[in-house]
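Q: Numbering (the working numbering) for the sequence shown: 4 to 773. I have a structure I would like to understand better, so I am pasting it below and will then ask my questions one at a time.
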Amino acid sequence: MDTITRIAATIAQDINATPKQVTSAVALLDEGATVPFIARYRKEVTGGLDDTQLRTLAERLTYLRELEQRRAAIAKEITSQGKMTDDLALSIHKAATKAELEDIYLPYKPKRRTKAMIARENGLEPLVDLILADRATDPEVHATGFITEAVPTTKDALNGARDILVEGLAENAGLLRELREFMKREAVISARVIEGKEAEGAKFADYFAHSEKWANVPSHRALAMLRGANEGFLTIDIAPDEEGAARAVSLIASELGVRAGTAGDKWLAGVAGWTWRVKLSMTMMLDLLGDMRGTAHEEAITVFARNLKDLLLAAPAGAKATIGLDPGIRTGVKVAAVDATGKVLDTATIYPFQPRLDVQGSQAVILALIAKYNVDLIAIGNGTASRETERLVADTLKRLPSSVKAPTKVVVSEAGASVYSASELAAREFPDLDVSLRGAVSIARRLQDPLAELVKIEPKAIGVGQYQHDVDQHKLAKSLEAVVEDAVNAVGVDLNTASAPLLAHVSGLGPVLAESIVAHRDSNGAFTSRKDLLKVARLGPKAYEQCAGFLRITNGKEPLDASSVHPEAYGVARKIVAACGRNVRSLMGDAQALRGLRAEDFVDETFGLPTVRDILAELEKPGRDPRPTFKTASFADGVEEITDLKPGMVLEGTVTNVAAFGAFVDIGVHQDGLVHVSQLADKFVKDPHEIVKAGDVVRVTVTEVDVPRKRIGLTMRKDGGASAKETRNERGQDRPRGHNGSKPRTQASPPKQAETGGLGAALLEAMRKK
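Okay, structure coming up:
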């Protein structure tokens with residue numbers, strides 16, 4: 004089986020596809036096609052692989068190609084040493100992971116001078132062979148024949164023999180694999196506070212004496228313990244209990260062929276114990292710690308990506324004149340009015356709170372802006388003074404004449420607004436606008452169209468993940484960029500109104516071409532046809548192929564330019580139109596006329612059934628937006644602080660974050676409450692994302708309020724959920740620390756473990772280097 008075939012077969016199994024589908028998709032990716040383009044416009048080629056499958060395919064393709072390169076490099080190196088055998092070549096060929104390959108390569112890897120090397124130089128390898136061959140004779144007796152000037156005593160000789168055996172065991176790929184699997188089943192992870200750090204590291208108090216099975220530790224607890232160790236407050240240990248440690252030693256002894264009774268076997272059993280204590284227990288600990296960290300990072304990144312996707316695809320309020328309010332107390336509330344397209348019309352700063360307490364003046368400013376610009380929406384940032392500002396707006400709207408329709412007020416997440424305000428992009432967009440006022444503009448625009456505004460902010464700054472600063476930053480950035488790209492292309496972009504940051508995420512473009520499109524638009528006016536894109540500097544046929552279907556032109560020369568039908572398939576669309584005896588403009592949106600057609604009648608050599616069906620669906624609902632209908636939560640009057648909450652209260656709120664253990668909900672008290680996974684529904688819920696997503700408006704019942712620890716327990720069960728006590732018992736340790744002050748509720752007392760030493764910042768660093 005050649006390399007390409009092997010990679011295709013492996014990926015096909017991973018994504019539940021056929022090798023032919025994988026090979027076709029790989030060819031498209033290698034030609035420069037993007038995932039959104041392949042998923043939307045090359046269904047016939049890939050057999051209908053969706054964007055999720057294609058993202059996994061692309062990620063696995065990179066890993067497996069690197070694996071094949073490493074496989075070839077290792078085989079070449081071992082061959083150059085003259086040590087390649089048929090069995091070794093077969094082992095290298097069969098290795099399925101980089102870790103397995105490195106285990107096989109370990110004995111052949113160039114290394115610094117070791118104790119085992121010195122022992123061999125001192126002629127002690129025959130002593131090892133003698134002890135292994137003659138178990139009945141005491142190794143001390145064998146050792147007497149190996150005393151030299153370099154090896155003055157029998158103890159030195161036996162220590163050298165032991166060093167040779169330990170190195171061989173530590174480089175035995177089969178033994179390492181067996182021990183690793185054993186440890187994954189049996190190991191316990193323990194965290195303990197470093198003496199004297201109790202007060203300083205109080206936020207990690209729940210891990211001061213914590214232990215649990217390694218195999219069961221969830222990502223949020225793993226990341227919390229790793230953070231505690233990195234910050235110098237905790238030591239971490241991963242080891243089996245005493246019985247498990249004895250079983251690990253027995254596995255090593257079995258590799259030496261130890262049998263009970265003889266003097267040689269007793270000595271070799273001691274070597275097995277030494278190997279575990281001094282060498283392999285630490286190796287296994289670092290391996291499992293690395294695995295735990297990697298898995299925790301992957302899960303955290305997955306949760307972040309899923310929440311980001313939900314936020315980006317949140318319902319837009321639409322093209323309506325909007326006032327954005329960025330709340331503040333001492334520094335005032337920043338105000339920005341924007342028109343339906345997001346263009347800034349006016350700005351101001353009002354001071355309704357202490358120390359100025361200019362309520363009437365502040366209300367006058369808001370009323371004047373509403374009247375002047377016919378405002379439909381008021382977006383209020385959810386940061387400090389959010390509820391006070393919302394109350395100010397509510398009181399202000401009561402002063403409107405009955406003949407004037409009151410704008411709808413909406414509390415909007417302002418996560419990342421300050422980052423955007425101080426960014427180079429914001430400075431270019433608003434060179435004459437004060438930094439503090441840019442945030443108000445961003446808040447207004449993100450209500451109109453969350454996607455168009457949020458793409459301007461680095462995804463990590465949007466704040467819908469946990470421990471995002473602890474995880475692999477390259478992987479996080481890559482994952483979040485993929486989420487943004489998929490979201491932008493799923494919705495589509497108006498070519499004549501989109502900003503450069505939004506256009507940059509369109510399939511086939513990027514920052515440079517996006518800027519070129521905007522520059523061309525500024526110089527030549529609005530695009531009237533998708534074909535005009537080919538007049539943009541540096542935008543060639545390949546980029547045009549990739550981007551055209553995702554860019555929309557309303558009221559242009561070509562009606563199909565307003566749809567997601569790709570220009571390459573306009574011929575098929577026109578055949579469909581001709582079959583109806585209509586023109587394109589009159590047919591688009593006429594579902595009744597289209598339903599009588601058979602997709603099979605329009606299939607040709609180039610475009611198959613999937614594409615024809617997509618075209619029919621698009622003609623039925625041209626330019627449809629996949630995002631949900633806009634709705635907003637209404638916070639309860641009089642409930643503005645955590646101290647206003649009482650168990651039993653039924654409130655409305657917005658889901659801000661979804662994790663494996665539950666969902667956080669903003670109920671308007673400056674502190675998100677947690678709906679534990681067990682409280683999300685009147686049925687068993689395995690994955691909270693099955694029930695809620697970021698941005699959802701939900702009704703919750705307060706079950707618990709802990710003011711000192713800023714902890715709010717909520718339920719979405721119809722019966723009001725369990726009592727606080729029952730909830731705590733049910734949760735066990737599933738509530739993490741790290742989001743809104745929440746933390747684990749209970750701790751297991753640590754069982755006695757085999758001695759392997761604690762892991763603090765120094766060993767974490769060693770693990771990273773490893």
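Beta carbons: idealized from backbone N, C-alpha and C, even for Gly. Predicted model only: the values in this text are computed from it and were never measured.
Assuming Val-494 and Arg-309 form a contact by the criterion Cβ under 8 angstroms, report the distance between their Cβ atoms to the nearest whole angstrom.
A: At roughly 17 angstroms, the Cβ-Cβ gap does not stay under 8 angstroms, so Val-494 and Arg-309 are not in contact.
Q: List the residues that DSSP assigns as beta-bridge partners of His-2.
A: There is simply no residue 2 to check, as the chain begins at 4 and stops at 773 in what is shown.
Q: Only counting the same chain, and skipping five residues up and downstream in sequence, which positions put a Cβ closer than 7 angstroms to that of Asp-628?
A: Same-chain partners within the cutoff: Val-494.
Q: If I measure Cβ to Cβ from Leu-648 and keep anything under 6 angstroms in the same chain, skipping five residues before and after, which residues do I get?
A: Within the same chain, Leu-648 has close Cβ partners Val-705, Val-708.
Q: Taking its Cβ as the centre, do 16 or more other Cβ atoms sit within 10 Å of Gln-72, making it buried, or is it exposed?
A: Counting Cβ neighbours within 10 Å, Gln-72 comes out exposed, since fewer than 16 surround it.
Q: Let me check understanding here. Comparing Cα to Cα, which of Asp-361, Glu-62, Val-38 lies closest to Asp-17?
A: Out of Asp-361, Glu-62, Val-38, Glu-62 has the C-alpha closest to the C-alpha of Asp-17.
Q: Under three-state DSSP, which class holds Phe-530?
A: In the structure shown, Phe-530 sits in coil (DSSP, three-state: anything other than H, G, I, E or B).
Q: Exposed or buried, Val-154, counting other C-beta atoms within 10 Å across all chains shown (16 or more means buried)?
A: Its Cβ being crowded by 16 or more others within 10 Å, Val-154 is buried.
Q: If we count the other Cβ atoms within 10 Å of its Cβ and call it buried at 16 or more, is Pro-544 buried or exposed?
A: Pro-544 should be labelled exposed.
Q: What residue range is occupied by the uninterrupted beta strand (DSSP E) comprising Phe-667?
A: Per DSSP, Phe-667 belongs to the beta strand (DSSP E) from 665-669.
Q: For Ala-266, collect the residues of the same chain with a Cβ closer than 6 angstroms to its Cβ; drop the 5 residues on either side in sequence, then sort them by chain order.
A: Excluding sequence neighbours, Ala-266 sits near Asp-141.
Q: For Val-487 versus His-472, is the C-beta distance shorter than 9 angstroms?
A: No, the Cβ-Cβ distance between Val-487 and His-472 is not below 9 angstroms.
Q: Return the Cβ separation of Val-396 and Ile-369 in integer angstroms, given the expectation that the two are a contact with Cβ distance under 8 angstroms.
A: Going by Cβ atoms, the distance from Val-396 to Ile-369 rounds to 7 angstroms, so yes, they are a contact pair.
Q: Use the C-beta contact count for Ile-556: other C-beta atoms within 10 angstroms, 16 or more gives buried, fewer gives exposed.
A: Buried is the call here.
Q: So the candidates are Val-414, Arg-116, Ala-176; which of them puts its Cα closest to the Cα of Thr-325?
A: Among Val-414, Arg-116, Ala-176, the Cα nearest to that of Thr-325 is on Val-414.
Q: Between which residues of its own chain and Ser-365 is the CB-CB distance below 6 angstroms, once the five residues before and five after are set aside?
A: For Ser-365, where only same-chain residues beyond five positions count, the Cβ hits under 6 angstroms are Ile-353, Pro-355.
Q: Starting from Asn-310, follow the alpha helix (DSSP H) in both directions and report where the run begins and ends.
A: Element bounds for Asn-310: 284-315.
Q: Could you tell me whether the Cβ atoms of Ser-214 and Ile-192 are closer together than 9 angstroms?
A: In contact: Ser-214 and Ile-192 (Cβ atoms closer than 9 angstroms).
Q: Within a Cβ cutoff of 6 angstroms, which residues of the same chain sit near Val-25, ignoring the five residues on either side of it in sequence?
A: The residues are Ala-11, Ile-14, Ala-15.
Q: How about Ala-701 and Val-658: are their beta carbons less than 9 angstroms apart?
A: A small correction: the amino acid at residue 701 is Val; Ala does not occupy that position in the sequence shown. Yes.
Q: Can you tell me whether DSSP reads Val-705 as helix, strand or coil?
A: Val-705: strand per DSSP, three-state reduction.
Q: For Ser-193, which of helix, strand or coil comes out of DSSP?
A: Strand, per DSSP.
Q: Which residue marks the beginning of the beta strand (DSSP E) containing Leu-537, and which one marks its end?
A: Unbroken run through Leu-537: none, as it is neither H nor E.
Q: Tell me whether Ile-326 sits in a helix, a strand or coil according to DSSP, three-state version.
A: In this structure, Ile-326 counts as strand in the three-state DSSP scheme.
Q: Would you identify the three-state DSSP class for Val-606, choosing helix, strand or coil?
A: Of the three classes helix, strand and coil, the one that applies to Val-606 here is coil, per DSSP.
Q: Taking the beta strand (DSSP E) that Glu-655 falls in, what are its first and last residues?
A: Run containing Glu-655: 653-662, per the beta strand (DSSP E) assignment.
Q: Tell me whether Thr-151 is buried or exposed, calling it buried when 16 or more other Cβ atoms sit within 10 Å of its Cβ.
A: Label assigned to Thr-151: exposed.
Q: Residue range of the alpha helix (DSSP H) that Lys-463 falls in?
A: Premise fails: Lys-463 is in no alpha helix (DSSP H) and is neither H nor E.
Q: Judging by CA-CA distance, which residue of Glu-571, Gly-592, Val-661 is the nearest neighbour of Arg-45?
A: Ranking Glu-571, Gly-592, Val-661 by Cα distance to Arg-45 puts Glu-571 first.
Q: For the segment 584-651, list the alpha helix (DSSP H) runs that are entirely contained and at least 4 residues long, ordered along the chain.
A: Counting only runs of 4 or more, we get 587-590, 594-597, 612-623.
Q: Thr-55 by DSSP, collapsed to three states: which one?
A: Thr-55 falls in the helix class under three-state DSSP.
Q: Taking the DSSP output, what are the residues bridged to Pro-215?
A: Note that residue 215 is Glu in the sequence shown, not Pro. Ile-192.
Q: If we define contact as Cβ-Cβ less than 9 angstroms, is Trp-270 a contact residue for chain D?
A: Reference to chain D is not applicable here, since this structure consists of a single protein chain.
Q: Is the CB-CB distance between Lys-269 and Gly-235 below 9 angstroms?
A: Result no, Cβ atoms of Lys-269 and Gly-235 do not sit closer than 9 angstroms.
Q: Is Arg-63 helix, strand or coil when you go by DSSP?
A: Helix.
Q: May I ask you to report which of helix, strand or coil DSSP gives Leu-512?
A: In the structure shown, Leu-512 sits in coil (DSSP, three-state: anything other than H, G, I, E or B).
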